[in-house]
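Data first, discussion second: the structure below is written as structure tokens.
Residue numbers (my numbering): 173 to 303.
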């Protein structure tokens with residue numbers, strides 16, 4: 173998962189305005205703030221040679237808890253189509269480490285309770301963090 177900066181603008185696509193924040197909830201409200209970034213999720217195969225973007229969310233900043241909820245949603249959707257997820261990779265942004273705490277990880281390597289994995293919401297198997 174990673175964030176990409178996007179240009180702030182509003183466009184009419186013939187049906188509705190685009191570029192307001194969107195967390196996949198189908199809320200269409202022009203009082204929402206404009207999105208500054210897109211949070212993208214990508215699946216990379218361990219057995220074959222492919223990468224596939226699976227989701228993006230138009231955001232204007234997210235808390236660690238909101239990020240953790242989006243990760244859980246993606247894992248649940250992937251499980252529903254029989255995709256096994258072994259790991260989650262992200263950069264060293266502070267909000268990502270906050271997300272890891274909400275996923276019940278302890279990323280402090282000096283701590284004796286260091287835990288760089290969390291339970292998959294459906295299978296309860298370990299999902300390892302790479303950062």
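Ideal placement from N, C-alpha and C gives every residue a C-beta, glycine not left out.
Between residue 226 and residue 246 a beta carbon distance of about 6 Å is seen, short of the 8 Å cut, so the two are scored as contacting. Within the same chain, Cβ atoms closer than 6 Å to the Cβ of residue 271 are found at 236, 239, 240, the five residues on either side in sequence being excluded. The C-beta distance from residue 256 to residue 293 rounds to 13 Å, too long to fall under 8 Å, and the pair is not in contact. For residue 241, the three-state secondary structure derived from DSSP is helix. If only complete runs of 4 or more residues are kept, the stretch 229 to 276 shows the alpha helix (DSSP H) at 236 to 252, 266 to 274, in order along the chain. Classified as buried, residue 268 has 16 or more neighbouring CB atoms from the shown chains inside 10 Å of its CB. Linking residue 211 to residue 284 through their CA atoms gives a straight-line distance of about 32 Å.
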